[in-house]
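For reference, the structure discussed in these notes is given below.
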Amino acid sequence: MRFTSELHDTEMDLHSMARQVLESPTWVPESKRMTLKKYLVEQVTKTNGELLPDNNIEAVNTKTNRLKWMLDHTMGSGGDFERRRSELVLRQEVGDMNNVMDENVVKSYVDSVKEGGVLRDFLLHGNLAFVAHQTLFVHGGIINGDDGAGLSALGRVPDEPSKHFDSVLEWVDKLNAWYRSQIQDWIDYPHWNAKHSSRGGNELLKYVVPNYAGSVVVGRHLLAGGMPTPLPDKTASLLSKSGIRRVIIGHTPHGNCPTVIKQPQGQINTCPMIYKPETIAEALHRR
48 MRFTSELHDT EMDLHSMARQ VLESPTWVPE SKRMTLKKYL VEQVTKTNGE
98 LLPDNNIEAV NTKTNRLKWM LDHTMGSGGD FERRRSELVL RQEVGDMNNV
148 MDENVVKSYV DSVKEGGVLR DFLLHGNLAF VAHQTLFVHG GIINGDDGAG
198 LSALGRVPDE PSKHFDSVLE WVDKLNAWYR SQIQDWIDYP HWNAKHSSRG
248 GNELLKYVVP NYAGSVVVGR HLLAGGMPTP LPDKTASLLS KSGIRRVIIG
298 HTPHGNCPTV IKQPQGQINT CPMIYKPETI AEALHRR
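96 is the number that the numbering used here gives to position 49 of the sequence shown; each next residue is one higher, with no gaps.
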C-alpha cells in the first residue's frame, strides 16, 4: 500500500516529501534507526568511497534506492529487491540477471498495487481474521507476549476504540469490515494529500507497525526470551465461550515445525505455524 504514495513522483523531493516517511522507521529506537537520508548517504559513500554532505545525495535519491530502503529498513524484507529480480528472470525467461534492470524491478512492485495488480487483488480478497471449524486464524496473534501477555487484540476494532466485542464471530466481522473500508480508502486516495497529513488507508498502515497496541498482525505469543506463552485466562475464556478451540497464528517462527501451546485448563490450543519454502521443498523431496 505504501508504494502508491511513497514512490509517487511528487514524493521524490527530499525537501517537500512527507516528514513522517523521511524520519521513519519511527518504531525503531533512534540509535538503531536507518532513516532515508542516512541510507542515501551510505549509497554515496559506497559509490565514491567518501562521506559527502546531504546536499550531494540527490544523485542517489532514486526510486530504486527508495524502494530498497523501504524493503530493507522499514518492512523487514531485506534482500527482497534482488529476490524479485531473480523471480523476474525466471518469469521472463531472459536467462541473465543483467537483462532485468533496477527500473524493471521497481516497476514490478509499483504495478503490483495498481488496478489488476497481483498484490492489490490479494489485498482485496484478504481478511485480518478468519474463523472455520472452531478455529481462529490470524497473522501475528491476539496477545503481546512481550507485554506479559496482558494486552489482547481480541474484541478490539480500531474505528470503535471504546467498544469491546465479546462474540468472536462478531468481532471478526467488524474487524474485517474495517479492513475492507481501509483498503477502499487506499484505492480512492492512493497518494498523500497536499499537507501530507493523511493518505488513503493510513489507519491500516499504522495497524501493522510493531509499536501498535492490540493488532492481530503484529501480535506475539512468545515471551521476550523467545519462549511460547499461554493465553491469559480472560482471553481464553472469551474464545471458549464463542466456540473457538484453536488459534492458528504465523509470523513468529519457533523452529521449523508448528509449536502447540496448550492452555492449562485445556480449553484452547494455540499453534504458531511458519514454514520456510526451502523446508517444504526438502520435506517433499525426502518423501
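Glycine included, each C-beta is placed from N, C-alpha and C at the ideal position. Note that the structure is a prediction, hence the values are computed from the model and not measured.
A Cβ-Cβ distance of about 6 angstroms is found for the pair I189 and V263, placing them in contact under the 8 angstroms criterion. Its chain contains E53, L54, M59 and L83 as the residues whose beta carbon lies nearer than 8 angstroms to that of R113, once the 5 sequence neighbours on both sides are disregarded; these appear in chain order. Sixteen is the threshold: since fewer than 16 other Cβ atoms of the shown chains lie within 10 Å of the Cβ of F169, the residue is exposed. Between the segment 225-240 and the segment 279-296 there are fewer than three C-beta pairs closer than 8 angstroms, too few to call the two in contact. One thing to note: V185 has its Cβ no nearer than 8 angstroms to the Cβ of I315. Taking 4 residues as the minimum length, the alpha helix (DSSP H) runs contained wholly in the segment 270-306 are 280-288, in order along the chain. In the displayed model, F212 falls within coil according to three-state DSSP, outside both helix and strand.
In this structure the segment 147-166 does not lie against the segment 202-218, because fewer than three pairs of beta carbons, one per stretch, are closer than 8 angstroms. In the three-state scheme derived from DSSP, where H, G and I count as helix and E and B as strand, I189 is classed as coil.
Straight across, the Cα-Cα distance linking G248 with H298 is about 22 angstroms. Distance from V153 to T121 at the Cβ level is roughly 16 angstroms; contact not present, criterion being Cβ atoms closer than 8 angstroms.
Here DSSP, grouped into helix, strand and coil, assigns I104 to coil.
Rounded to the nearest whole angstrom, the CA to CA distance from K288 to H62 is 54 angstroms. Within the same chain, Cβ atoms closer than 6 angstroms to the Cβ of W239 are found at S52, A65 and R246, the five residues on either side in sequence being excluded. In this structure, the straight-line span from the alpha carbon of E105 to that of H180 is close to 55 angstroms. Comparing alpha-carbon positions, the option among S209, I234, E134 and G123 lying closest to G163 turns out to be I234.
Beta-bridge annotation (DSSP): R49 is not paired with any residue.
Here the alpha carbons of R138 and A260 stand approximately 40 angstroms from one another. Pairing P319 with L175, the inter-Cα distance amounts to about 16 angstroms.
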